[in-house]
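J.:
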Amino acid sequence: MISHRPYWAPCPPTIIREKGRFMSPEHYLLDWQTSQTHSETMYPLLSQLYRQKGVEIQLFGRQLINASTIDIIKAHRVARRYTGGTLAPSQTLPLIEVMAELDLAPSKIDIGQLAWTYWQSHDNANGISDFIHNQLSHLMGTGNGVDPKDVVLYGFGRIGRLLARLLVEKSGPGYPLRLRAIVVRGGKEGDLEKRASLLRRDSVHGPFNGSITVDEARNAVIANGNFIQVIYANNPTEVDYTQYGINNALVVDNTGMWRDEEGLSQHLDSKGSQKVLLTAPGKGSLKNVVFGVNHDVIGEEDTIISAASCTTNAITPVLKAMHDKFGIENGHIETVHSFTNDQNLIDNYHNGDRRGRSASLNMVLTSTGAASAVAKALPDLKGKLTGNSVRVPTPNVSMAIANLNLNNTTDKDEINAYLQDVALYSPLSGQIDFTQSTELVSSDLIGSRFAGVVDSQATIAEDNRCVLYIWYDNEFGYSCQVVHCMEKMMGVRYPMVPEPEALS
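Using the numbering used here, the first residue of the sequence shown is number 174, and each one after it goes up by one.
#1: Suppose you measure from the CA of residue 673 to the CA of residue 234; what does that come to, to the nearest Å?
#2: Cβ of residue 215 within 8 Å of Cβ of residue 260?
#3: Do you know how far the Cα of residue 300 is from the Cα of residue 321?
#4: Excluding the five sequence neighbours on either side, which residues of its own chain have a C-beta within less than 7 Å of the C-beta of residue 654, listed in chain order?
#5: Can the beta-carbon of residue 427 be found closer than 8 Å to that of residue 332?
#6: So, for residue 213: in the same chain, excluding its five sequence neighbours on each side, which residues have a beta-carbon less than 6 Å away from its beta-carbon?
#7: Can you list, in chain order, the residues of its chain whose CB lies under 6 Å from that of residue 274, leaving out five sequence neighbours each side?
#8: Hey, quick one: how far does the beta strand (DSSP E) through residue 575 stretch, first residue to last?
#9: Using DSSP bridges, identify the partner residues of residue 320.
#10: Quick check: does the Cβ of residue 245 come within less than 7 Å of any heavy atom belonging to the ligand ZN?
#11: Since residue 440 and residue 490 should fall inside the 8 Å C-beta cutoff, what is the C-beta to C-beta distance between them, to a whole number of angstroms?
#12: How far does the beta strand (DSSP E) with residue 505 in it extend, from its first residue to its last?
#13: Using the Cα positions of residue 347 and residue 357, report the straight-line distance between them to the nearest angstrom.
#14: Just mark residue 660 as buried or exposed, buried being the case when its beta carbon has 16 or more other beta carbons within 10 Å.
#15: Is residue 276 helix, strand or coil when you go by DSSP?
#16: Starting from the C-beta of residue 232, find all residues in its chain whose C-beta is less than 6 Å away, skip the five residues before and the five after it, and write them out in chain order.
#17: Confirm, please, whether the CB-CB distance from residue 590 to residue 606 is below 8 Å.
#18: Identify the residues that DSSP records as bridge partners of residue 607: which are they?
#19: Since residue 570 contacts residue 616 with CB under 8 Å, what's their CB separation in whole angstroms?
#20: For residue 543, which option in 262, 453, 376, 442 has the closest C-alpha, if you only look at C-alpha atoms?
#21: For a test of the three-state rule: what should DSSP assign to residue 662, helix, strand or coil?
#22: Assuming residue 341 and residue 365 form a contact by the criterion Cβ under 8 Å, report the distance between their Cβ atoms to the nearest whole angstrom.
#23: Among 528, 554, 555, which residue has its Cα nearest to the Cα of residue 563?
#24: Pick out the complete alpha helix (DSSP H) segments inside the region 411 to 487, 4 residues or longer, and give them in chain order.
#25: Strictly by DSSP, which residues pair up with residue 393?
#26: When the Cα atoms are used, what is the spatial distance from residue 611 to residue 422?
#27: Give the straight-line distance between the Cα atoms of residue 572 and residue 548, rounded to the nearest whole angstrom.
#28: So, at 6 Å on beta carbons, what are the nonlocal neighbours of residue 477 in its own chain, with the 5 sequence-adjacent residues on each side left out?
#29: According to DSSP, is residue 562 helix, strand or coil?
#30: Which of the three DSSP states is assigned to residue 250 in this structure?
#31: Assign residue 496 to one of two classes, buried (16 or more other C-beta atoms within 10 Å of its C-beta) or exposed (fewer than that).
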C-alpha cells in the first residue's frame with residue numbers, strides 16, 4: 174500500500190535547515206564547505222562498499238557510485254522533493270560510516286530513506302549503530318564473492334557503447350557481469366582505434382569516465398582495467414567465443430538486424446554463447462520485456478528475450494501505475510522523439526515515408542509501434558492505445574505525451590501526489606522519476622538513468638481525462654533498462670533496502 178508521506182518531520186535544526194531560516198549570509202559559504210568535507214569523506218566509503226562488497230548506495234533513487242563531491246551534494250537536495258525538508262551530507266555520512274564496517278551481502282541501499290527515517294525520531298547520532306544493525310540484519314554475515322558471468326556486445330553503435338560504459342562502471346568484485354567482448358564487422362586499418370575513440374568521446378554523453386587504451390597485438394580495448402576483446406565477424410556463425418576464453422555468455426544484439434526467434438537463434442550456434450538479449454522490439458512469439466513491469470516472465474529456460482524499445486520502456490511503467498490506480502479505458506500516445514541514425518542528415522532516399530527528409534532541418538511526422546507494443550508487457554491495455562511520433566532536430570532525449578481516458582475521476586493534485594509516491598516508494602521506483610521544476614528542458618535529462626520522468630508541472634486532469642508528459646533519455650535511460658534485463662536473464666538479483674512497497 175502506497176501512502177503519501179508527510180511533508181515535514183521534526184529534525185535537529187542544527188542539521189536540517191530551511192533556506193534562510195537559520196543561516197546568516199556569511200554562513201552560506203561555511204555550510205557549503207562543510208557539505209563538501211562530508212561528501213569528500215563519504216566518497217571513499219561509497220567506493221569501498223561497492224568495489225569490495227557489492228553494496229550499491231543510492232540516495233532517494235539517485236546512484237552515488239562514481240559520483241563526484243558536487244554530485245553527492247546535489248543528490249541530497251532531492252530529499253526536498255519527497256519530504257518537504259532538507260537532508261545534509263552530515264546526516265547520511267554517520268550511517269555510511271557504520272555500514273562500511275559491516276560484512277554485508279551485495280545489495281542496493283537507499284541511504285536517503287534510511288537517514289530520513291532515523292532523523293525523524295532522533296535528535297543525535299547516538300542510536301545510529303543500533304538502527305543500521307536492525308535495518309540491515311538480514312544482509313549481515315552473508316557477504317560472499319560472486320561467480321563472473323560473461324557478456325558479449327554484438328554491435329557497437331549508440332546503445333552498444335552506452336552498455337559498455339555502464340558495464341565498465343559497474344565492474345568490480347561484487348558485480349558478476351563482465352564485458353568480455355564486442356563483435357563488429359571487419360574494418361579497415363585503424364578500425365580498432367576508431368572504435369576505442371568512439372567509446373572514449375561522445376558528443377551527447379560526454380567523455381568516458383576513466384581510461385581507455387588499445388592493445389593492437391591482441392585486438393582489444395582496455396577500459397578501466399577491463400580487457401574487452403574486439404572480434405571481427407559478418408555474422409554470428411563465424412564466431413567461436415571459446416577461443417577467447419568466453420563461455421556461457423549472454424550475447425546482447427544491438428544491431429537490430431534480426432528481430433525474431435529464428436534470426437536471433439543464430440547467436441546460440443556460436444560456441445560459448447548461452448543466451449541472447451535483443452535491444453529492439455521483438456517480433457513473433459518473442460517475449461518483450463519492460464523491466465519493472467513484466468520482467469518476471471523471464472524464466473531460467475528462456476534463451477532469447479527482447480528488451481522492447483526506448484519509448485515502450487518509457488511509457489509502460491507510468492501506464493501501469495495509472496492503470497493500477499485509476500484504470501485506463503483508452504488513450505493516445507504521441508512521442509516527440511529525437512532524431513536517430515536511421516534518418517538522413519540532408520534530404521535523400523529512405524524506404525520510410527517522410528524519413529528521407531533532413532533530420533536536422535525538419536520535424537518529421539512518422540508512425541510508432543510503441544503504443545501497441547505496451548500490450549506485450551501490459552496485456553490489460555491490449556487494443557486500448559494508439560500512437561504516433563514526431564521526430565525533431567535534437568540528438569537525444571524525447572518526450573511521450575499520454576492522453577488517457579480513465580475509469581475513475583481524478584484531478585491534477587491527486588495524480589501528481591500518487592506518481593510522486595510511486596517514483597520513490599514502489600517497485601517502479603527504478604523506472605519512474607518525477608520532477609516539479611518549471612524550468613526543465615530536454616537537455617537537462619541527458620544521462621537520466623530512469624526509463625521515464627514525469628513532468629508534474631505539465632500534468633492536465635479533469636473528470637476522467639488526463640494528459641501526462643513523460644521525458645526520457647532514449648539512449649542512456651533505455652540502456653539502463655537493458656542492463657536490468659541482462660541481470661535478470663543471468664540470475665543477478667540484489668535485495669533492496671528499504672524494500673519497495675506494492676502499488677495500490
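Don't be surprised by glycine CBs; every beta carbon is placed ideally from N, CA and C.
T.: Result, derived from the coordinates:
#1: What you label residue 673 is simply residue 500 of the sequence shown in a count that begins at 1. What you label residue 234 is simply residue 61 of the sequence shown in a count that begins at 1. Those two C-alpha atoms are separated by around 11 Å.
#2: The residue you call residue 215 lines up with position 42 of the sequence shown. The residue you call residue 260 lines up with position 87 of the sequence shown. With contacts defined by Cβ atoms closer than 8 Å, residue 215 and residue 260 do not form a contacting pair.
#3: Along the sequence shown, one-based indexing puts residue 321 at 148. Along the sequence shown, one-based indexing puts residue 300 at 127. Using only the alpha carbons, I get a separation of about 38 Å.
#4: As a working note, residue 654 is residue 481 in the sequence shown. Result list for residue 654: 464, 480, 486, 624, in chain order.
#5: In the sequence shown, counting from the first residue as 1, residue 427 sits at position 254. In the sequence shown, counting from the first residue as 1, residue 332 sits at position 159. A contact, by the Cβ cut-off of 8 Å.
#6: Locating residue 213 in the sequence shown gives position 40, where the first residue counts as 1. Apart from sequence neighbours up to five positions away, the residues of its chain that approach residue 213 with a beta-carbon distance below 6 Å are 242, ordered along the chain.
#7: As a first step, residue 274 must be located in the sequence shown, where it is residue number 101. If you ignore the 5 residues before and after residue 274, its C-beta comes within less than 6 Å of no other C-beta in its own chain.
#8: Translated into the one-based positions of the sequence shown, residue 575 becomes position 402. Counted as a single uninterrupted DSSP element, the beta strand (DSSP E) harbouring residue 575 occupies residues 571 to 579.
#9: What you label residue 320 is simply residue 147 of the sequence shown in a count that begins at 1. Partner(s): none; residue 320 has no beta bridge.
#10: As for the ligand ZN, it is missing from this structure, which has no ligand bound.
#11: Numbered from 1 along the sequence shown, position 267 holds the residue referred to as residue 440. Numbered from 1 along the sequence shown, position 317 holds the residue referred to as residue 490. Going by Cβ atoms, the distance from residue 440 to residue 490 rounds to 28 Å, so no, they are not a contact pair.
#12: Along the sequence shown, one-based indexing puts residue 505 at 332. Taken as a continuous stretch (DSSP letters only), the beta strand (DSSP E) holding residue 505 covers 501 to 511.
#13: For the purposes of this step, residue 347 is taken as the residue at position 174 of the sequence shown. For the purposes of this step, residue 357 is taken as the residue at position 184 of the sequence shown. For residue 347 and residue 357, the distance between alpha carbons rounds to 29 Å.
#14: Residue mapping note: residue 660 aligns to position 487 of the sequence shown, counting from 1. Classification of residue 660: buried, given that the 10 Å Cβ count is 16 or more.
#15: Mapped onto the sequence shown, residue 276 falls at position 103. Assignment of residue 276 by DSSP, reduced to helix, strand and coil, places it in the coil class.
#16: Sequence index remark: in the sequence shown, residue 232 carries index 59 (1-based). Only 248, 284, 285 meet the Cβ criterion.
#17: Counting from one through the sequence shown, the residue named residue 606 turns up at place 433. Counting from one through the sequence shown, the residue named residue 590 turns up at place 417. Their beta carbons are not under 8 Å apart, which means residue 606 does not touch residue 590 by this criterion.
#18: Reading the sequence shown from its first residue, position 434 is the one you call residue 607. 627, per the DSSP bridge assignment.
#19: The sequence position of residue 570 within the sequence shown is 397, counting from 1. The sequence position of residue 616 within the sequence shown is 443, counting from 1. That belief holds up - the Cβ atoms of residue 570 and residue 616 are roughly 7 Å apart, short of 8 Å.
#20: Numbered from 1 along the sequence shown, position 370 holds the residue referred to as residue 543. Nearest C-alpha to residue 543 among 262, 453, 376, 442: 453.
#21: Locating residue 662 in the sequence shown gives position 489, where the first residue counts as 1. If DSSP states are grouped into helix, strand and coil, residue 662 belongs with the helices.
#22: The residue you call residue 341 lines up with position 168 of the sequence shown. The residue you call residue 365 lines up with position 192 of the sequence shown. Wrong, their Cβ atoms sit about 17 Å apart, outside the cutoff.
#23: Position 390 of the sequence shown, counting from 1, holds the residue named residue 563. Measuring C-alpha to C-alpha distances from residue 563 to each of 528, 554, 555 identifies 528 as the nearest.
#24: Entirely contained in the region 411 to 487, the alpha helix (DSSP H) runs reaching 4 residues are, in chain order, 434 to 437.
#25: Position 220 of the sequence shown, counted from the start, is the residue given in the question as residue 393. Note: residue 393 sits in a beta bridge opposite 388, 402.
#26: Your numbering for residue 611 matches position 438 in the sequence shown. Your numbering for residue 422 matches position 249 in the sequence shown. Taking the Cα positions, residue 611 is about 46 Å away from residue 422.
#27: In the sequence shown, residue 572 corresponds to position 399, counting from 1. In the sequence shown, residue 548 corresponds to position 375, counting from 1. Going from the Cα of residue 572 to the Cα of residue 548 covers about 20 Å.
#28: Walking along the sequence shown from the start, residue 477 turns up at place 304. Around residue 477: 434, 437, 449.
#29: What you label residue 562 is simply residue 389 of the sequence shown in a count that begins at 1. DSSP places residue 562 in the strand class (E or B) of the three-state scheme.
#30: Translated into positions along the sequence shown, residue 250 becomes position 77. Residue 250: coil per DSSP, three-state reduction.
#31: Against the sequence shown, residue 496 aligns to sequence position 323. That one is buried.
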